[in-house]
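In terms of my numbering, the sequence shown is residues 1 to 671. Report on one structure; see the data block that follows.
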Amino acid sequence: MRLTFLLVALIINTIARGDDVLAELPFGDIRPQGWVERQMRHDLEHGFVGKLDQLVPDLIVADDIYGEDRLTKLVKDKDVGTHNSGAEWEVQFLWWNSETQSNWWDGYLRHAVLLADPAHRQRVDEYVANKLATADEDGYIGIYAADLRYDHTTENGELWAQASLFRGLLAYYETTQKQAVLHAVIRAVELTMRAYPIGDSTPFKTSNAFAGVGHGLTFVDVLNTLYRLTGDRRYLNYAVFLYEDYSRHPQPEEDVQLDNLLDADYRFKGHGVHTYEHLRALTLAATHDDDTRLDQALVNYLQRLDAVTTASGGPIGDEWITGRHAHHGDTGYEYCSLQELLHSYAVLLQNTGDPGWADRMEWLTFNAAQGARHPDGQSIAYCKTDNSVEMLGHLDMGNPQGEMRYKYSPAHQDVAVCCVPNAGRLYPTYVQNMLQRHDDGLVVSLYGPSVVTTEIDGVDVSVRQITNYPFEHTVRFVVETARAVKFELRLRQPGWTESVALNGIDAEQGDGYLRVDQRWTGRTEFTLTFDDAPEVTHGDNGTAFVEDGPLLYALQLEHAERTGREYAPGGFVDRLFEGVDPEAERYQLSLDSRFERSAIPEAPRWATPPTLRGALYDPVADRDVDVALVPMGSTILRKVSFDVADNDEDLLLHVPSPDWRDQVIYFLMTD
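Structural data, given as structure tokens:
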């Protein structure tokens, strides 16, 4: 695969280019347009992004967990959306609604802001005011009453509840510049830093910890944003302290702990979403601390990450990694893991300046993440696999529990209402990272229809991308300045393209970027074209894939649909899908096959994408079958990997397939 490749060079650059920092722009400076805007608007108006509070009101509306319903030592039971018996061990889950609420409001807030929707913005204003009103006299904003806060010896959601809430509040501040919001978050964060002082506290030294304590390490997200907003180095220092303290004490989620990362024999085994979100804490520690062990730890983490990532970019997350290596047929990935890994890639991009991480962001977004959404935008798959021949609730891998993660649902309330809220954060994360600042100007890292408005040397500047990317490989840029200003505009050269053509402007090429360094005046237009053709690429164990630019293509499989639980408001249901086309499931692919692009629709979208026409081989009928492949992101049931029809040793290194629990990673060196 072209993007599960040559990771060694990318890792080396991650460390060697650590000083080439890219600054994230304030939230709201970059806005979606074209198909991205249309999809996000549909999600806000007609999908779970805008209606989850109506679908699960008991979790989002009824439980005022940051206010009147804060947790105390007397609370032993709470409705968290799934079975709760009130047993003592289940007290560990009582923070769940803070995650559900804050992550959903975060995604909802960002959609409302980016789409400039007045009605939804009014709801957001009311929400923020409500949360600020929960602050105590000392500035505390969180989910615990005075008898519990900052005095935890066991499982808790203290830092996690604050992190998930404050991320959204800071985004709101950036787009409104309401100083009261920033002041409230800073007061609350400073209170936490005093409660757990550097060198004189151990916030992660707990017994019987579970998910909440581990999620608490994402408090570094808030610290990282506050450092960007204020320039106060104390916030970065505190982020490093949290990572170091997390590494010192036994944790149920231990994949990111320093000693384990430095152990050459250690394999990822934890809950996937924790493993991928913790990469952000490790990245901040490694790039902002002089301890060379942290550099090596980051290198080792990234090498292990490649082993647990499927062809589509989805990382093992169904739910625990358990020492496995990813395999396209039976490796499930959780939607939460997709969002958290995307966010972690963004932090790697910002702190290293290496465009390879932007390649991975695009690949993950357009393939694994888009491919785990139902095309109507009303539901997602909690867990999904690259090859998906049925979605009937559970993946048949000898799991006697039969948990219902493998279906499409607008809430997944029978499992946990965590993936759906996180799904609403994914496209805002992509949009937020399309463009960054560097010392001499701006960097276009991700492509897609959008517009950014910012200032350079006090001059208003806008950069517009007019494109149907990723469905097409041409981007028309319009750069406008209020008056003449000199700056360098860097344009990422994707790792999947052989060459690029820039028409209408001159540029220098190097280090994965095209660099346009000039004095910009008024309106400047130019076009960037990526040269590439559909390609059959090698997979593992005698398999092959079809790719075109940043898209992985799939054979759609016919299915029969049945519905499950119905939600109010009407129209939202759980959906299960059974494959009814076993013949297509057996099709194979020749490594010398050729596929041709269809004409691109005038307004392409995932429901009506361009296709690749070519032939697959039916080994039973011994004949070629003409097919039209579609982007993986346009499918429900599908095949993305195919057995190779011609096992030519000159073309393919064939490795017998071991048991799925013990896949062995290896590298294929191809032309």
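Each residue gets a CB set at the ideal place from its N, CA and C atoms; glycine is no exception. None of the values given here were measured: they were computed from a predicted structure.
If I'm right that His-559 touches Leu-637 with Cβ under 8 angstroms, what's the distance once you round it to whole angstroms?
-> 5 angstroms
Under a Cβ-count criterion, where at least 16 other Cβ atoms within 10 Å of its own Cβ denotes burial, should Ser-207 be classed as buried or exposed?
-> exposed
Between Arg-597 and Thr-611, what straight-line distance do the alpha-carbon atoms span, to the nearest angstrom?
-> 6 angstroms
Buried or exposed (CB count within 10 angstroms, at least 16 for buried), Ser-499 = exposed
May I have the straight-line CA-CA distance separating Glu-578 from Asn-97, to the nearest angstrom?
-> 33 angstroms
Taking Ala-423 as the reference, which of Thr-467, His-438, Gly-377 and Asn-503 has the closest Cα?
-> Gly-377
Helix, strand or coil at Arg-575 [DSSP, three-state] = strand
In the DSSP assignment, what are the bridge partners of Cys-383?
-> Glu-334
Simplified DSSP state of Leu-557, which is helix, strand or coil | coil
Hey, would you say Tyr-243 sits closer than 8 angstroms to Leu-236, going by beta carbons?
-> no
Under a Cβ-count criterion, where at least 16 other Cβ atoms within 10 Å of its own Cβ denotes burial, should Gln-339 be classed as buried or exposed?
-> buried
Delimiting residues of the beta strand (DSSP E) encompassing Glu-455 = 450–456
What is the C-beta distance between Arg-605 and Arg-31, in whole angstroms, given that I count them as a contact (C-beta under 8 angstroms)?
-> About 18 angstroms separates the two Cβ atoms, so there is no contact after all.
With 16 other Cβ atoms within 10 Å as the buried cut-off, status of Glu-277 | buried
Per DSSP, which one or two residues make a beta bridge with Trp-520?
-> Val-485
Mind pulling the beta strand (DSSP E) runs of 3 or more residues that sit fully within the region 595–632?
-> 612–618 and 623–631
Whole runs of the alpha helix (DSSP H) within the region 279–330, excluding any shorter than 4 residues | 292–307
Please say whether Arg-280 and Ser-344 have beta carbons closer to each other than 8 angstroms?
-> yes
Should Asp-354 be labelled buried (16 or more other beta-carbon atoms within 10 Å of its own) or exposed?
-> buried
Per DSSP, the bridge partner or partners of Asp-200 = Asp-200 is not bridged to any residue.
Start and end residues, beta strand (DSSP E) containing Gly-424 | From DSSP, Gly-424 is part of no beta strand (DSSP E) but of the alpha helix (DSSP H) over 419–432.
Going by C-alpha distance, which of Asp-624, Ile-600, Ala-161 and Gly-313 is nearest Tyr-144?
-> Ala-161
Starting from Gly-441, follow the beta strand (DSSP E) in both directions and report where the run begins and ends.
-> 441–444
Can you tell which of Ala-239, Thr-543 and Ser-462 has its C-alpha closest to the C-alpha of Arg-523?
-> Ser-462
Fully enclosed by the region 154–206, which alpha helix (DSSP H) runs are 4 residues long or longer?
-> 158–176 and 179–195
Cβ-Cβ distance between Asp-386 and Gly-495 below 8 angstroms = no
Residues bridged to Val-475 by DSSP?
-> Leu-528
Relative to the alpha-carbon of Gln-587, which residue among Val-640, Pro-609 and Pro-550 has its alpha-carbon at the smallest distance?
-> In the sequence as presented, Gln is not what sits at residue 587; that position holds Tyr. Of the candidates Val-640, Pro-609 and Pro-550, the one whose C-alpha sits nearest the C-alpha of Tyr-587 is Val-640.
According to DSSP, is Gly-674 helix, strand or coil?
-> Only positions 1 to 671 of the chain appear in this structure, which leaves residue 674 out of reach.
Leaving aside the five residues before and after Asp-643 along the sequence, list all residues of the same chain whose C-beta is less than 7 angstroms from its C-beta, in chain order.
-> Gly-542, Thr-543 and Gln-588
Just tell me which of Asp-291, Gln-432, Glu-254 and Gly-458 has its CA closest to the CA of Val-452.
-> Gln-432
Kindly indicate which three-state DSSP category Tyr-150 falls into: helix, strand or coil?
-> coil
Are the beta-carbon atoms belonging to Arg-476 and Glu-525 less than 8 angstroms from one another?
-> yes
Taking all protein chains shown into account, decide if Asn-130 is buried (16 or more other Cβ within 10 angstroms of its Cβ) or exposed.
-> exposed
Tell me, which residues are paired with Ile-60 by DSSP?
-> Per DSSP, none; premise fails for Ile-60.
Backbone secondary structure at Ala-23 - three-state DSSP = strand
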